[in-house]
Every structure is written in C-alpha cells, then in structure tokens.
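K.L.:
Protein chains in written order, with the working numbering: chain A, 271 to 547; chain B, 33 to 276.
Note that CB positions come from ideal geometry on N, CA and C, so glycine has one too.
No experiment lies behind these values; they were computed from the predicted model shown.
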Amino acid sequence: MPAKPKAAPSPPLDALARIPGAEPSAKLDAWWWLLVGVIALVVLLAAVRPDPFLRIIVFVRDGIAVTIFTTVSSFALILILGMVGGLGRLSKNPLIFGLSSLYVELIRGIPLMVQLIWWYFAFPSVLQQIGIAFKLPFLMQYRANPIAMAILGLTICYAAYMSEIYRAGIQSIPKGQLEAARSLGMTYAQAMRHVVLPQAVRVILPPVGNEFIALLKDSSLVSVVAVTDLTRRGREFMSTTFIPIETWSMVALLYLVLTLFAARMVAWIERRTKFER
Amino acid sequence: MEPIIQIRDVHKHFGRAVHALRGVSLDIQKGEVVVIIGPSGSGKSTLLRCINRLEEYEQGTIVVDGIPLDTAANINAVRTEVGMVFQQFNLFAHLSVMDNLMLAQRVVRHRDSGEARRVALELLAKVGIPEKAEAFPVQLSGGQQQRVAIARALAMNPKIMLFDEPTSALDPEMIKEVLDVMLALAQEGMTMVVVSHEMGFARAAAHRAIFMDEGSIIEESTPEKLFSTPSHERTQLFLSKVLL
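#1: Using the C-alpha atoms, what's the distance from E90 of chain B back to P255 of chain B?
#2: Could you please give the first and the last residue of the uninterrupted beta strand (DSSP E) stretch that includes K44 of chain B?
#3: For a quick check, are the C-beta atoms of A136 of chain B and M193 of chain B less than 8 Å apart?
#4: Is there a Cβ from chain B that is less than 8 Å from the Cβ of P468 of chain A?
#5: Counting Cβ pairs, one atom from each stretch, are 3 or more of them under 8 Å apart for the region 365–382 of chain A and the region 442–457 of chain A?
#6: Residue range of the alpha helix (DSSP H) that G63 of chain B falls in?
#7: Leaving out the 5 sequence neighbours to the left and right, which residues in its chain are closer than 6 Å to L347 of chain A when beta-carbon positions are compared?
#8: Leaving out five residues before and five after D41 of chain B in sequence, what residues of the same chain have Cβ atoms less than 8 Å from its Cβ?
#9: Below 8 Å between beta carbons: does that hold for V210 of chain B and A165 of chain B?
#10: Under the assumption that F195 of chain B contacts V227 of chain B (Cβ atoms under 8 Å), give the Cβ distance between them as a whole number of angstroms.
#11: Identify the continuous alpha helix (DSSP H) that holds M432 of chain A and give its terminal residues.
#12: Does the beta-carbon of A450 of chain A have 16 or more other beta-carbons within 10 angstroms, so that it is buried, or is it exposed?
#13: Answer with yes or no whether the minimum CB distance from N106 of chain B to chain A is below 8 Å.
#14: Does DSSP put V67 of chain B in a helix, a strand or coil?
#15: Judging by CA-CA distance, which residue of B:V139, B:N132 and B:A167 is the nearest neighbour of A152 of chain B?
#16: Please report the distance separating the alpha-carbon of G63 of chain B from that of K76 of chain B.
#17: Per the DSSP calculation, Q91 of chain B is bridged to which residue(s)?
#18: Would you list, in chain order, the members of the region 453–466 of chain A that have their beta-carbon closer than 7 Å to a beta-carbon of chain B?
#19: How many angstroms separate the CA atom of R437 of chain A from the CA atom of A241 of chain B?
#20: With 8 Å set as the bound, which would you pick, yes or no: does the beta-carbon of L86 of chain B sit closer than that to a beta-carbon of chain A?
#21: With respect to the beta strand (DSSP E) encompassing D144 of chain B, which residues constitute its N-terminal and C-terminal limits?
#22: Is the shortest distance between the beta-carbon of Q441 of chain A and the beta-carbons of chain B less than 8 Å?
#23: In terms of DSSP beta bridges, what is R54 of chain B paired with?
#24: Please report how far the alpha carbon of R331 of chain A lies from the alpha carbon of M535 of chain A, in whole angstroms.
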C-alpha cells in the first residue's frame with residue numbers, strides 16, 4: 271500500500287495544541303472552583319468551630335510540611351531514577367536491559383507498604399551487618415533516619431512504575447526522529463537529550479502528573495515507619511482527644527486540598543508545555 | 033583516485049529468514065551522482081542505510097572518505113560527513129525550521145549560534161523557503177518539509193549526500209520542487225547516492241544508474257543505457273512495469 275502522508279506523521283499532539291479554541295481552559299476553570307470550594311469548607315469549619323477544627327489544623331500543620339517535603343523530594347528522585355530505568359528497558363545491551371527489567375518486575379510485585387517497612391527496619395540492619403563484616407565503623411553504628419528511609423522506599427518503588435512511563439513515552443516517538451539525529455552525527459545521548467526526550471516529555475506529562483498525585487496520597491503510608499507526616503500527626507491528635515470524626519474528616523479534607531491543588535498544577539504545566547514555542 | 037565510498041562484499045540479514053544484502057560491492061567516486069533503482073524489497077534502501085551505518089551489516093566492509101565503519105567513533109565521524117534525506121522527511125517535530133537547521137551544527141560541529149544561524153539562513157534561501165525560518169514542521173507542505181530536510185543535512189557541510197526515496201511520500205505537484213534542489217546540488221558537484229525511481233532526475237543528473245534485485249546489484253550503466261536498453265532480463269522486466 272503506497273502511504274502518502276502529506277505531512278510528517280509524528281506530531282499530532284503539537285498540531286492539536288495550536289488549533290485555537292482546542293485548549294481546555296474552560297474546563298480547567300471549573301476545576302479551580304472545586305479547589306476553592308474545599309478550601310472554603312476548611313476555613314469555614316475552622317472559623318465556625320475553632321475547637322476542635324482549628325486546633326486540629328494547628329496540630330497537624332508540621333505534618334503537612336513533612337508530607338509535602340517527602341512527596342516533592344521523592345518525586346524529584348523518581349524522575350531521575352525513572353529515566354535511568356526507562357532508558358535501561360530500551361537498551362540493546364542484554365545486561366542493562368536484564369537488570370532494569372528485573373528491577374521493574376521485582377518492585378512492581380511487592381506491596382509499597384512492605385517495601386517501606388523493609389527499608390526502615392531491615393535495610394539499616396543489613397548495613398550494620400555489612401559494617402560488622404568489613405569492620406566499617408560508620409556502617410556499624412548506622413541509625414535509620416525515618417524520612418530518609420521513607421524517601422528511599424518511595425523513590426525505589428515509584429521509579430519502577432515511572433520507568434515504564436518513560437519507556438512507553440520514548441517508544442511513542444517515531445524511530446525516524448532518532449535516525450535523523452544520528453544521521454547528523456549526534457551521539458545516542460545527544461539525540462535523546464535534544465530530540466527524543468523533549469518530544470517524549472509532552473507525551474508522558476499526563477501519566478507523570480497522575481503519578482505525582484498518587485505519590486502524594488501513598489506518602490501517607492510512611493506514617494507506619496515513624497515519619498510524622500500528616501496522617502501520623504492526625505493519629506497522634508486523635509490518641510489524645512478521641513474525636514475520630516472531626517480529626518479524620520479534617521485530615522481527609524487537608525489531603526484533598528493538597529491533591530486538588532497538585533492536579534491544578536499538573537494541568538497548568540501540561541497546558542504551558544503544549545503552547546510553549 | 034581513491035573512491036570516496038568503498039563497499040566490499042556486504043551481507044545483511046533481517047532475522048533468519050531475510051537475506052537483504054547478498055555480498056554487495058560498489059565503488060563511488062568523489063563528485064559522482066549514482067541512482068539506485070529496483071523493486072520493493074530489493075535491498076536498495078538497506079544498502080543506502082548501510083553507508084552511514086543506520087543499518088548494521090554482519091559481513092563485509094564499508095570505507096567512507098578513508099574512514100572504515102567499525103568503531104562507534106568512526107561511525108559518528110562518517111555520519112558527520114554524510115548527509116541523509118529520508119522518505120518521511122523526519123524533521124524534528126518539536127523544533128522550528130531554524131532550530132532544525134541549527135541543532136546539529138551547534139551540538140556536533142560546535143558552531144556558535146551566530147554562525148549556525150548564518151549557515152541556516154543561507155541554506156533556506158538556497159532551497160527556496162527563507163520565509164519559513166520560524167515555522168514549525170507541521171505547518172509546512174510535504175515538499176517544503178523535504179527541502180528543509182535537505183537544508184538540514186547540508187548545514188553540516190557534508191561531502192556526501194544520501195537520498196532514501198526523497199520524493200516517494202510527496203504529492204505529485206511537490207515532487208519537482210524537491211528534484212530541482214537535488215538537481216542544483218548535483219550540478220555543484222556534490223557526491224550523491226539516490227534511491228529513487230525518478231527517471232527524469234536520473235537522466236538529467238546521474239552519472240551512473242544501478243539496478244538491484246533480491247539483495248544483489250544486477251546491472252549498472254549510464255541512466256540512458258540502463259533505462260532504454262537494459263541488458264539483463266530482470267532489469268527489463270522491472271522497467272517494463274515502471275515505465276509507462
């Protein structure tokens with residue numbers, strides 16, 4: 271069949287983005303109102319019934335900071351490690367491909383909670399054993415830092431999923447783009463950096479945004495490994511006051527504010543990168 | 033004089049079933065324009081893609097401008113000197129025409145942005161679309177895209193240009209504008225290897241025409257002779273189907 275495309279077949283995404291009126295801004299505005307509504311509800315509760323609602327907010331506010339810090343720093347590492355994993359999964363080198371595939375398959379088969387517990391309780395012991403075996407004093411006395419171990423655990427787990435997103439995104443870019451870059455004398459790394467990845471980024475932004483929001487919610491699991499995040503602070507508050515309805519409703523609302531805000535940010539970035547010229 | 037491209041007994045398989053190149057040998061002189069024709073699956077595009085090692089081959093040697101295609105460094109060195117134009121244009125979809133022309137100049141040739149821009153504008157004028165410098169590939173017609181692709185390859189100041197069916201994806205009314213650019217290039221003395229069935233171009237510009245079938249070179253001659261009085265039966269059969 272003689273295929274005779276008029277234009278290059280690659281960039282439907284960008285083409286769509288430049289059609290006036292195709293931008294989804296009207297819808298976006300509606301979603302902003304949901305965020306405003308939830309924030310208004312939190313403020314209203316705190317104003318009308320400062321005891322217990324304002325007390326809860328004041329009590330858990332450092333937990334909110336920990337949740338944001340854990341999520342954002344994990345995510346930065348996930349973006350890097352995920353790219354390494356994704357490129358590994360595309361490698362022609364059987365060793366690199368095998369190792370990255372093993373990593374992805376192993377990690378995706380183990381529950382995140384179990385992984386977090388392993389990194390916090392088992393991993394420091396592993397380091398200590400190694401320290402004892404090789405007479406390395408700095409390892410022998412290793413004490414687990416809860417937040418560091420939590421960030422490590424979240425990163426290792428989510429980067430495995432992120433690898434697959436990167437892989438799919440890179441594979442969605444027509445092979446001719448890489449060939450054209452290589453035919454001009456660019457190395458594989460240069461072609462990836464200047465030609466393939468900038469296009470893949472636009473493809474993977476929506477799933478990456480979803481991962482960020484999922485990570486934000488899953489970060490509540492770090493409360494089981496001694497990180498005083500929003501969830502753990504909520505539990506601490508409840509254990510002194512015994513008012514579960516108010517406490518957990520407020521914690522849920524606070525998470526909702528965070529996730530809705532994150533979703534708006536993701537949508538905004540998506541729109542920006544589509545129009546960026 | 034030493035041929036600028038020396039292909040010696042090159043074999044290439046796709047998987048176990050397809051023997052795409054069966055011991056092809058070919059010398060191309062500096063300044064020569066060679067057109068390769070042949071039926072679909074004859075290995076003509078594969079051979080072309082072997083010259084800058086976009087396609088790997090299992091056996092045989094290719095030496096381009098004195099550099100053997102063996103190590104990664106040599107392959108990149110050859111690619112820097114050999115421009116390639118593809119059937120599907122393959123312009124970088126996320127970059128403007130200007131950036132398409134400047135990227136490899138900056139990254140590979142390490143030219144500063146002023147010089148890269150100057151070279152790019154010069155070449156856009158040469159291919160006849162200086163007004164499209166800030167356009168994006170999707171905004172161009174197929175013929176314009178292909179001319180930009182030619183300019184992008186020329187921006188690297190290649191010694192050799194490879195054309196892989198450059199007009200096959202174009203609407204009929206756009207073929208001429210691309211062939212005109214190629215014709216001008218041939219007249220300037222560029223070494224060109226062209227996989228194409230554009231007989232008009234071959235007659236006007238090519239020094240040599242090669243007919244390939246089933247992974248082998250069957251016959252080679254001047255375009256005039258090959259098209260009008262082919263000596264081999266398979267060439268005759270093929271031409272009788274192509275020429276109306």
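P.N.:
Taking the structure as given:
#1: Taking the first residue of the second sequence as 1, we reach residue 255 of chain B at position 223. Taking the first residue of the second sequence as 1, we reach residue 90 of chain B at position 58. Their backbone Cα atoms lie some 31 Å apart in a straight line.
#2: Looking up residue 44 of chain B in the second sequence gives position 12. Its beta strand (DSSP E) spans residues I37 to F46.
#3: The count along the second sequence starts at 1 and reaches residue 136 of chain B at position 104. The count along the second sequence starts at 1 and reaches residue 193 of chain B at position 161. In this structure, M193 of chain B does not lie closer than 8 Å to A136 of chain B by Cβ.
#4: Along the first sequence, read from residue 1 onward, the residue named residue 468 of chain A stands at position 198. Yes, its Cβ sits closer than 8 Å to a Cβ of chain B.
#5: no
#6: Counting from 1 along the second sequence, the entry for residue 63 of chain B is found at position 31. Note, G63 of chain B: premise wrong, no alpha helix (DSSP H); not H, not E.
#7: Along the first sequence, one-based indexing puts residue 347 of chain A at 77. Cβ neighbours of L347 of chain A beyond the five flanking positions: T425.
#8: Here residue 41 of chain B refers to the residue found at position 9 when the second sequence is read from its first residue. Here the set comprises G55, V56, S57, Q91, G92 and T93.
#9: The residue given as residue 210 of chain B occupies position 178 in the second sequence. The residue given as residue 165 of chain B occupies position 133 in the second sequence. Cβ atoms of V210 of chain B and A165 of chain B: not closer than 8 Å.
#10: Looking up residue 195 of chain B in the second sequence gives position 163. Looking up residue 227 of chain B in the second sequence gives position 195. The pair is a contact, with the Cβ atoms about 7 Å apart (cut-off 8 Å).
#11: Residue numbering aside, residue 432 of chain A sits at position 162 when the first sequence is read from its first letter. Start and end: P416 to Q441.
#12: As a first step, residue 450 of chain A is located in the first sequence; it is residue number 180 there, counting from the start. Looking at its Cβ environment, which holds 16 or more other Cβ atoms inside 10 Å, A450 of chain A is buried.
#13: As a position in the second sequence, residue 106 of chain B is number 74, starting the count at 1. Not an interface residue.
#14: Sequence index remark: in the second sequence, residue 67 of chain B carries index 35 (1-based). Strand, per DSSP.
#15: Position 120 of the second sequence, counted from the start, is the residue given in the question as residue 152 of chain B. Comparing Cα-Cα distances from A152 of chain B to each of B:V139, B:N132 and B:A167, the minimum goes to B:N132.
#16: Counting from one through the second sequence, the residue named residue 63 of chain B turns up at place 31. Counting from one through the second sequence, the residue named residue 76 of chain B turns up at place 44. Near 20 Å, if we compare the C-alpha coordinates of K76 of chain B and G63 of chain B.
#17: As a first step, residue 91 of chain B must be located in the second sequence, where it is residue number 59. According to DSSP, Q91 of chain B bridges with B:H43.
#18: S453, L454, G455, M456, T457, Q460, H464 and V465
#19: One-based indexing of the first sequence puts residue 437 of chain A at position 167. One-based indexing of the second sequence puts residue 241 of chain B at position 209. The straight-line gap from Cα to Cα measures roughly 43 Å.
#20: Numbered from 1 along the second sequence, position 54 holds the residue referred to as residue 86 of chain B. So yes, L86 of chain B belongs to the interface.
#21: Residue numbering aside, residue 144 of chain B sits at position 112 when the second sequence is read from its first letter. Premise fails: D144 of chain B is in no beta strand (DSSP E) and is neither H nor E.
#22: Within the first sequence, the letter at position 171 stands for residue 441 of chain A. Judged by the 8 Å Cβ criterion, Q441 of chain A is not in contact with chain B.
#23: Here residue 54 of chain B refers to the residue found at position 22 of the second sequence. In DSSP, R54 of chain B forms a bridge with B:H43.
#24: Sequence index remark: in the first sequence, residue 331 of chain A carries index 61 (1-based). Sequence index remark: in the first sequence, residue 535 of chain A carries index 265 (1-based). So the two alpha carbons sit approximately 21 Å from each other.
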